[in-house]
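Single-structure report; data block below.
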Amino acid sequence: MPSAPSTSAEIRKGLADCSTVGLGLVPLGLAFGVLLTQAGFAWWWAPVFSVVIYAGSMEFLAIGLLAAVTPLYSLAAAAFLVNFRHVFYGLSFPLEAIRSRLGRLYSVYALTDEVYAITATKRRSEMTGPRTLTIAITCQTLWVVPGVVGALIGTALPEGLDGLQFALTALFAVLAVDAWRASGDLPAPVIGLVCGLVAAWLAPDQMLIVGLCAFVVVLIARYAWAAREGREPT
1 MPSAPSTSAE
11 IRKGLADCST
21 VGLGLVPLGL
31 AFGVLLTQAG
41 FAWWWAPVFS
51 VVIYAGSMEF
61 LAIGLLAAVT
71 PLYSLAAAAF
81 LVNFRHVFYG
91 LSFPLEAIRS
101 RLGRLYSVYA
111 LTDEVYAITA
121 TKRRSEMTGP
131 RTLTIAITCQ
141 TLWVVPGVVG
151 ALIGTALPEG
161 LDGLQFALTA
171 LFAVLAVDAW
181 RASGDLPAPV
191 IGLVCGLVAA
201 WLAPDQMLIV
211 GLCAFVVVLI
221 ARYAWAAREG
231 REPT
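In this note's numbering, the protein residues as written are 1 to 234.
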């Protein structure tokens with residue numbers, strides 16, 4: 001019977017797992033920090049956002065929404081729709097590998113797109129507690145620290161810098177390609193693209209909410225259709 005892997009070995013594996021997607025968080029965190037201070041926030045709001053919210057897409061979105069004094073109900077709706085996907089992440093996340101209650105609570109809190117993207121490409125049997133926690137802690141560190149550095153840099157830069165908002169879009173494009181390569185499910189990102197384009201045309205002022213709602217509805221309908229087809233006799 002093979003011996004259990006050592007904790008230090010599993011930690012090293014977790015660090016190695018973060019060498020691709022995880023390192024992509026560094027320039028993204030820098031961009032977030034700069035964008036935050038460029039929007040008029042003090043630099044110390046970067047760690048506050050990154051610890052309290054800790055959801056890259058929602059943090060970027062929150063900058064514009066808060067700067068525009070968006071109503072609370074719109075903020076709540078956007079947060080729910082943007083982060084609702086995390087509910088499904090938990091279905092395949094190796095939470096049972098983590099033995100401590102504190103570790104499990106932290107993993108639920110720290111389950112982001114990047115953490116899920118890394119763990120989803122590994123065999124579930126390979127994901128031990130130390131390895132999973134190392135991935136989560138490393139990803140958050142690679143997000144929080146560059147965010148603070150970017151915020152400090154942003155205070156020294158002239159106002160009116162453009163193009164930083166595209167950093168999050170670029171990361172999600174890479175994650176979408178990786179997810180497609182891993183699952184082979186091309187229709188899902190295509191459906192998302194079509195829903196976004198239609199929402200931008202029909203409701204440009206509410207593009208995010210309309211596009212996400214349409215995407216969820218289409219995915220549910222697609223799942224129901226696939227389940228029905230699967231039950232039909234061959």
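Yeah, the Cβ is synthetic: ideal placement off N, Cα and C, and Gly gets one too.
Alpha helix (DSSP H) containing residue i: first to last residue?
i	result
T195	Note that residue 195 is Cys in the sequence shown here, rather than Thr. Residues P187 to L202.
M127	That residue, M127, is in no alpha helix (DSSP H); it is neither H nor E in DSSP.
P27	L25 to Q38
A120	D113 to A120
Please report the Cβ distance between residue i and residue j, rounded to the nearest whole angstrom; I am assuming they are in contact, meaning their Cβ atoms lie under 8 Å.
i	j	result
T132	I153	Contact flag wrong, Cβ pair sits at about 32 Å.
W201	L25	Their Cβ separation, rounded to whole angstroms, is 32 Å, which puts W201 and L25 out of contact at 8 Å.
L61	V34	Not quite, the Cβ-Cβ distance comes to about 16 Å (not below 8 Å), so this is no contact.
G90	L111	7 Å
G150	L30	4 Å
L36	I63	6 Å
In chain order, what residues of the same chain lie with their CB nearer than 8 Å to the CB of residue i, ignoring the 5 residues before and after it?
i	result
G14	P130, R131, T132, L133, T134, I135 and T138
R47	Residue identity check: residue 47 is Pro in the sequence provided, not Arg. Only V144, G147 and V148 meet the Cβ criterion.
E229	none
G40	A67
Within the same chain, show all residues whose beta-carbon is closer than 7 Å to that of residue i, passing over the 5 residues directly before and after it, in chain order.
i	result
E249	In the structure as shown, the chain starts at 1 and stops at 234, and residue 249 therefore has no counterpart that could be examined.
V216	none
A199	M207, V210, G211 and A214
P2	Below a pLDDT of 50, predicted positions are generally treated as unreliable, and P2, at 49, falls in that range; the measurement from the model is reported next regardless. Answer for P2: no residue qualifies.
G192	F215
L157	V34
Can you give me the Cβ contacts of residue i inside the same chain, cut-off strictly under 6 Å, excluding the 5 residues immediately before and after it?
i	result
G103	L133
V21	E114, A117 and I118
Item to check | Ranges of the beta strand (DSSP E) found wholly within the stretch 41-75, counting only runs of at least 3 | outcome: Counting only runs of 3 or more, we get nothing.
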